[in-house]
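Structure first, then comments.
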Amino acid sequence: VSETEARQAFDEMVALASKQSVRAMEQLCENAVDGCAGFSGATTDHARSAPGPDARAPDVLCTRDLNDEGTRLLVVEGEDGHGRPYVSQLVFSERGGEVVVEREPAFWLGVVHNSATKFTGSVAWKTMHHPQPDVQVGYDVNELMTKARLPCAGH
Numbered sequence: 169v170s171e172t173e174a175r176q177a178f179d180e181m182v183a184l185a186s187k188q189s190v191r192a193m194e195q196l197c198e199n200a201v202d203g204c205a206g207f208s209g210a211t212t213d214h215a216r217s218a219p220g221p222d223a224r225a226p227d228v229l230c231t232r233d234l235n236d237e238g239t240r241l242l243v244v245e246g247e248d249g250h251g252r253p254y255v256s257q258l259v260f261s262e263r264g265g266e267v268v269v270e271r272e273p274a275f276w277l278g279v280v281h282n283s284a285t286k287f288t289g290s291v292a293w294k295t296m297h298h299p300q301p302d303v304q305v306g307y308d309v310n311e312l313m314t315k316a317r318l319p320c321a322g323h
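Rendered as structure tokens:
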């Protein structure tokens, strides 16, 4: 996946999320390899957690070719629909001629891989936020934001 393709796929995700509707969240899940089997699944009940149509577009902090079957990492930063800051690590791949996000398409939840170097295959990850603003995930958000930015060091 090229940088241009990954950025385009991400822009499409942002546009879809900004609709803040149940159907938009379902479409995000349908377009993800994991089908929202993880944390992102809760967004269908909390669509307003996504950045809305008037929100500032997220920034792409960096992008890296992961050299693993054509996958590409995008590290993005912005604010969710509740005004909470996030940094997310998103892995894109090509499936059936389409560029898709591997897992956790709800980028505004602050997706961070547990490993600083392993982003594909059997991996574990956390999120900074729950879609509901009053539910805490139990992690230090500032610590996770720092960790999420690590792949951008030197880029």
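Those letters in the sequence shown? Residues 169 to 323, by my numbering.
Each residue gets a CB set at the ideal place from its N, CA and C atoms; glycine is no exception.
Exercise. Rounded to the nearest angstrom, how far is the Cβ of Ser256 from that of Pro219, given a contact under 8 Å?
Worked result: Not confirmed; about 12 Å, so no contact.
For this session: Indicate the three-state DSSP secondary structure (helix, strand or coil) for Thr211 in the structure shown.
Result: Helix at Thr211.
Exercise. Can the beta-carbon of Phe260 be found closer than 9 Å to that of Phe207?
Worked result: It is not a contact, given that the beta carbons lie outside the stated cut-off.
Exercise. In the DSSP assignment, what residue or residues form a beta bridge with Gly265?
Worked result: Paired residues: none, contrary to the question.
Exercise. Is Ser283 buried or exposed, if buried means 16 or more other CB atoms sit within 10 Å of its CB?
Worked result: The C-beta of Ser283 has fewer than 16 other C-beta atoms within 10 Å across all chains shown, which makes the residue exposed.
Problem set entry | Cα-Cα separation between Pro301 and Ser217, rounded to whole angstroms | Rounded to the nearest angstrom, the two C-alpha atoms are 8 Å apart.
Exercise. Per DSSP, what kind of secondary structure is Pro234 in: helix, strand or coil?
Worked result: Here residue 234 turns out to be Leu, not Pro, going by the sequence shown. Three-state DSSP puts Leu234 in coil, outside helix and strand.
For this session: Grab the span of the alpha helix (DSSP H) containing Val309 for me, first residue to last.
Result: Here the alpha helix (DSSP H) through Val309 covers Val309 to Arg317.
For this session: Less than 8 Å between the CB atoms is what I'm expecting for Val279 and Pro226, so what's the real figure, rounded?
Result: Taking the Cβ atoms as the reference, Val279 lies roughly 12 Å from Pro226, outside the contact range of under 8 Å.
For this session: Whole angstroms is fine: what's the gap from Glu171's alpha carbon to Val303's?
Result: Roughly 34 Å between the two C-alpha positions.
Exercise. What are the start and end residues of the beta strand (DSSP E) that includes Arg240?
Worked result: Note, Arg240: beta strand (DSSP E), Arg240 to Glu247.
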